[in-house]
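Student: The sequence shown begins at 167 in our numbering and counts up one residue at a time.
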Amino acid sequence: MPSCLSSLRSVLVPQRDRSSHVPQEGPSQRPCTQGVAPSLQEEKGGMSIQSHSHSHTGCCDFTPLPVYSAHDGTISAHVQQTDLPEPSDETKELFEDLQAKINALDKELRGLSLKMWDLKEVAWEERKTHDLFIDYFTDLNKRAPNGSPKWKLTPHAHGFETAWRAEFVNAPNGEASKDIPCVGFNSELDALPGIGHACGHNLIAIAGIAASLSVASHLVEKRIAGKVALLGTPAEERDGGKIDLLAKGAYDGMDACLMVHPTPANTVGSFLAVVPVRVDFSGKTAHAGMAPWEGVNALDAAVLAYNNISLLRQQIRPDCRVHGIISGNDWAPNVIPSSSRLTYNVRAPDVATLTPLRERVHKCFEAASLATGCKVDITWGKTYEDTRNSAPLSLAYRALMKSVYNADYSTASVSGSTDFGNVTHALPGCHPTYAIKLENPAGDGNHTIGFANAAKTLEAHERTKEAAAGIATVGAQALIDAQFRKQVKDEFEAWKKDQKK
């Protein structure tokens with residue numbers, strides 16, 4: 167993180183007592199020390215030089231960003247809404263019912279979370295994690311009373327080995343499936359290489375399950391027509407699994423989709439758009455002492471590209487990020503390196519800002535190739551779009567959490583990125599983050615060993631149940647309240663229309 171921004175940002179740090187669910191304004195600190203971005207898979211072995219800011223395979227640096235004018239890039243004060251509407255008595259009753267149902271599942275949810283935490287399976291390798299949840303829902307169906315609706319399970323869903331889907335349909339009066347509203351939830355599955363569930367996906371997974379089961383049970387008890395679709399989503403950290411699922415139609419038919427994410431702070435702000443890039447330089451070996459002029463130095467090309475980007479970063483917007491690493495194999499000081507690799511992530515507040523920045527970064531790589539005589543192969547990965555939280559959904563969530571837990575949720579943007587952003591561009595979505603207690607709030611943010619350890623604590627489990635009850639309530643409102651559902655739809659369609667102008 168550029169030091170010039172440190173004095174401009176307000177970082178939210180959770181308290182250490184029971185009120186840790188409510189973050190405080192603190193001094194300018196960095197709660198998350200690892201930069202997060204989806205990145206293309208690194209080759210094993212070899213050497214690696216860490217670049218500009220912390221960057222490795224991952225998604226989420228949840229440091230709140232300052233707010234900038236869209237016109238001239240100047241910093242403006244972020245206005246935190248304080249006059250949140252008080253939820254209706256009906257909404258509070260709905261919340262209490264869903265919360266009670268989630269608490270009744272406490273032992274099962276805790277067991278699933280700890281088992282998944284121990285598995286620590288990385289992107290696209292979440293096979294045992296996949297089976298863990300398929301087995302759980304299979305057992306749920308066996309325990310269901312005769313004649314009651316059951317979960318339709320799809321292992322290896324939508325053509326992906328480690329994705330899964332659980333769908334529940336309640337049609338008490340024989341309603342046609344196409345006429346029944348649907349709410350979706352997400353359970354992320356993958357861990358990080360080397361540091362396990364340092365982004366708390368074990369907690370995200372059980373939050374999705376808790377929300378889905380509680381809403382489904384409420385629909386049956388109250389004889390309300392509705393669908394609940396829960397997706398087990400792989401590869402968020404490295405390869406944008408939700409982007410692939412979205413392309414395969416996994417989110418089709420949902421009126422809204424929600425998920426929550428543990429972090430050092432409570433937020434419902436947007437996430438940055440990000441695109442990863444892998445750059446391979448090819449040169450020619452030579453003896454570095456006897457005949458260096460015979461060589462074409464691929465490491466020089468990588469260093470030159472690195473420096474090009476270092477200079478470029480002085481002239482980019484302060485809410486943009488460019489960060490990455492240099493790596494290589496079989497290097498020796500007496501041999502001109504014939505190959506090198508750069509792996510970078512380029513971030514911006516939205517895709518419109520990201521696109522021209524990406525082009526400028528691309529030219530930095532081409533210039534290094536031209537200057538050194540190396541061949542260059544530039545491979546851009548999938549773009550994680552900025553996360554666009556639905557205004558009605560996020561306002562309902564913030565108001566509810568303030569009312570029932572006295573928890574304040576910031577609407578400031580955060581400097582992380584997630585493949586759920588692409589989902590929010592396709593349908594109404596909401597992605598709150600919630601604070602869990604950290605041993606070292608200033609240093610144990612997402613993608614650290616400290617956060618991985620925090621993600622298995624009982625305190626984090628309790629905070630997860632609270633957040634799950636929040637999205638369950640908002641999701642259930644979207645099913646039950648036709649007027650609220652229309653408000654969500656109309657706001658999203660108005661935004662989409664505005665994007666086309």
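Here a beta-carbon is modelled for each residue, glycine too, at the ideal position from N, C-alpha and C.
Round the Cβ separation of His489 and Thr553 to the nearest angstrom and send it over; I've been treating them as touching at under 8 Å.
Tutor: Not a contact, Cβ separation roughly 19 Å.
Student: Which runs of the alpha helix (DSSP H) at least 4 residues long sit entirely within the region 559–611? Give them in chain order.
Tutor: The region 559–611 contains these whole alpha helix (DSSP H) runs: 586–590.
Student: Are three or more beta carbon pairs between the region 376–391 and the region 444–459 nearer than 8 Å?
Tutor: Verdict: no, contact absent.
Student: Looking at Ala376: is its Cβ nearer than 8 Å to the Cβ of Lys622?
Tutor: Their beta carbons are not under 8 Å apart, which means Ala376 does not touch Lys622 by this criterion.
Student: What is the DSSP secondary structure of Leu278, reduced to helix, strand or coil?
Tutor: Three-state DSSP puts Leu278 in a helix.
Student: So, under 8 Å CB-CB, Glu657 and Pro558 are touching, yes? Tell me the CB distance rounded to an integer number of Å.
Tutor: Between Pro558 and Glu657 the Cβ distance is about 6 Å, and since that is below 8 Å, they are a contact.
Student: Going by DSSP, which residues form a beta bridge with Gly539?
Tutor: For Gly539, which the question treats as bridged, DSSP gives no partner whatsoever.
Student: Start and end of the alpha helix (DSSP H) containing Arg487?
Tutor: No alpha helix (DSSP H) contains Arg487, which is instead part of the beta strand (DSSP E) from Arg487 to Gly494.
Student: Three-state secondary structure (DSSP) at His324?
Tutor: Helix, per DSSP.
Student: Quickly, what does DSSP pair Trp546 with across the bridge? List them, please.
Tutor: Looking at the DSSP assignment, Trp546 forms a beta bridge with Val443.
Student: I need the straight-line Cα distance from Arg444 to Leu508, nearest angstrom please.
Tutor: Arg444 and Leu508: Cα-Cα distance of roughly 6 Å.
Student: I'd like the list of long-range same chain contacts for Ile602, defined as Cβ closer than 6 Å, with 5 residues on each side in sequence excluded.
Tutor: If we look at Ile602 and ignore the five residues flanking it on each side, its Cβ neighbours are Pro428, Ala620, Ala626 and Arg629.
Student: Which residue's Cα is closest to the Cα of Glu259: Phe650, Gln665 and Gln643?
Tutor: Per the Cα distances, Gln643.
Student: Would you check if the region 534–544 and the region 461–478 touch, i.e. whether three or more CB-CB distances between them fall below 8 Å?
Tutor: Touching, yes.
Student: Report the rounded CA-to-CA distance for Phe437 versus Pro522, giving the unit in angstroms.
Tutor: Their backbone Cα atoms lie some 19 Å apart in a straight line.
Student: Helix, strand or coil for His627 per DSSP?
Tutor: Residue state, collapsed to three classes: helix.
Student: What are the boundary residues of the beta strand (DSSP E) that includes Arg507?
Tutor: From DSSP, the beta strand (DSSP E) with Arg507 extends over Ser505 to Ala514.
Student: What are the residues that DSSP puts in a beta bridge with Thr433?
Tutor: For Thr433, which the question treats as bridged, DSSP gives the partners Ser576 and Thr599.
Student: Would you give the residue range spanned by the alpha helix (DSSP H) that Leu411 belongs to?
Tutor: Start and end: Gly407 to Ala413.
Student: What distance in whole Å lies between the Cβ atoms of His367 and Leu355, which are believed to be in contact at a cut-off of 8 Å?
Tutor: Yes, they are in contact, since the Cβ atoms of Leu355 and His367 sit about 6 Å apart, within 8 Å.
Student: Cα separation between Ala635 and Leu566?
Tutor: Approximately 10 Å between the Cα atoms of the pair.
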